[in-house]
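For reference, the structure discussed in these notes is given below.
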Amino acid sequence: MPHRQSAFLWGARKTGKSTLLRTAFPQSLAYDFLKTDLALSFGARPALLREQLLARPTAELNRPIILDEVQKVPGVLDEVHWLIEHRGLRFILCDTLLGRLVPPYKKRQERQVVSKAPKFYLFDVGVAGALTKRHLAEPRGEQFGRALEHLVFMELAAHASYRELGHDICFWRTKAGAEVDFVLGRGEVAIEVKGTSRVDDRDLRSLALFRETHRPRLAVVVCNETVERVVGGVRILPWRLFFEKLWNGGIMGG
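Numbering of the sequence shown is given in this note's numbering, commencing with residue 308 and proceeding in unit increments.
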């Protein structure tokens with residue numbers, strides 16, 4: 308951990324977050340809010356965190372303070388903020404990751420663009436499939452398309468995080484029903500995901516409309532075709548090749 312730096316550690320349940328923190332910071336003070344008595348006490352009175360920590364020896368406060376399962380007591384986050392700003396303490400906040408919200412993209416004052424409701428993707432496409440009892444007997448159809456869209460989002464999010472690019476991932480949808488699944492950055496890249504093995508003109512309409520109004524540097528259809536091709540300025544990519552280009556820096560750099 309860099310000096311005077313705090314951090315979040317995100318991850319699904321039972322993936323080893325707590326074990327990692329105990330191993331990496333064995334001498335740090337730790338609060339495990341999975342313990343119901345602790346969660347109830349701090350939930351009822353978040354100021355307990357500040358009062359208890361300010362009573363500890365300075366040497367203990369020089370190490371990062373671990374708050375495990377912090378989502379169970381959101382009120383303590385205000386106390387954490389105060390302790391960081393006024394006492395220079397460092398925290399590692401461990402918050403079970405359930406999923407991610409993808410906000411709508413709206414660069415200009417477009418009256419016909421949906422701009423309020425975000426989309427939600429569960430943290431893992433396999434878990435989403437299990438919860439919905441999704442069984443993919445073959446790589447085609449609506450269910451395959453939904454799974455592929457989810458998988459593409461996970462790769463986009465992982466790439467942006469691991470490469471520390473920091474760009475936004477949004478979607479674009481008009482009130483008339485045109486939609487582009489993912490818009491990266493400030494509109495540089497537009498991505499539509501189709502579970503089909505043959506992309507036709509109908510599948511390109513939303514991207515064509517987005518290109519007319521926003522002029523992205525790259526417009527891509529990620530699909531189940533086997534060979535890359537270009538149609539009217541839109542690059543059609545087999546999903547495996549898309550992932551390869553993504554991690555090689557051919558989509559968003561990094």
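All C-beta atoms, glycine included, are put in the ideal place defined by N, C-alpha and C.
| Asked | Found |
| --- | --- |
| Nearest to residue 484 by CA position, among 443, 435, 510, 398, is which residue? | 510 |
| For a minimum of 3 consecutive residues, which ranges assigned as the beta strand (DSSP E) are wholly contained in the region 369 to 396? | 372 to 375 |
| Mapping the DSSP letters down to three states, classify residue 412 as helix, strand or coil. | coil |
| Could you check where the alpha helix (DSSP H) with residue 517 kicks off and where it finishes? | 512 to 521 |
| Among 409, 435, 428, 432, which has the Cα closest to the Cα of residue 421? | 409 |
| The ligand ATP and residue 363: does any heavy atom of the ligand fall closer than 6 Å to the residue's C-beta? | Inclusion of the ligand ATP in the displayed structure is not the case, the ligand content being empty and no account of it being possible. |
| If we call anything under 7 Å between Cβ atoms a contact, is residue 395 one with residue 451? | no |
| With a threshold of 16 other CB atoms inside 10 Å of the CB of residue 425, please say whether the residue is buried or exposed. | exposed |
| Could you tell me how far apart the beta carbons of residue 338 and residue 374 are, in whole angstroms, since I believe they sit closer than 8 Å? | 5 Å |
| Tell me where the beta strand (DSSP E) around residue 314 begins and ends. | 314 to 318 |
| How would you label residue 388, buried or exposed, when you count the other beta carbons within 10 angstroms and need 16 or more for buried? | exposed |
| Indicate the three-state DSSP secondary structure (helix, strand or coil) for residue 431 in the structure shown. | coil |
| What are the uninterrupted segments assigned as alpha helix (DSSP H) that are 4 or more residues long and contained completely in the region 426 to 514, given in chain order? | 432 to 438, 449 to 469 |
| Quick check on the burial criterion: 16 or more other C-beta atoms within 10 angstroms. Buried or exposed for residue 459? | buried |
| Between the region 331 to 350 and the region 362 to 373, do three or more beta carbon pairs fall short of 8 Å? | yes |
| For the pair the region 490 to 498 and the region 468 to 478, tell me if three or more CB-CB distances fall below 8 Å. | yes |
| Closer than 7 Å by C-beta to residue 457: which residues in its own chain qualify, once you throw out the five before and the five after it? Chain order, please. | 428, 432, 435 |
| By Cβ distance, which residues of its chain are closer than 7 Å to residue 315, with the 5 residues on each side in sequence left out? | 400, 402 |
| Near residue 531, which residues of its chain fall below 8 Å by C-beta distance, leaving aside the five closest residues on each side in sequence? | 446, 447, 451, 455, 501, 502, 503, 504, 545, 546 |
| Would you list the residues sitting across from residue 339 in a DSSP beta bridge? | 375 |
| Going by the DSSP bridge assignment, what does residue 403 pair with across the sheet? | 318 |
| So the alpha helix (DSSP H) residue 328 belongs to, where does it begin and stop? | 324 to 331 |
| Tell me which residues share the same chain as residue 536 and place their Cβ nearer than 7 Å to its Cβ, disregarding the 5 neighbours each side in the sequence. | 543 |
| Cα separation between residue 529 and residue 386? | 45 Å |
| Residue 526 by DSSP, collapsed to three states: which one? | strand |
| So who's on the other strand from residue 542, going by DSSP bridges? | 527, 537 |
| In whole angstroms, what is the alpha-carbon distance linking residue 466 and residue 498? | 15 Å |
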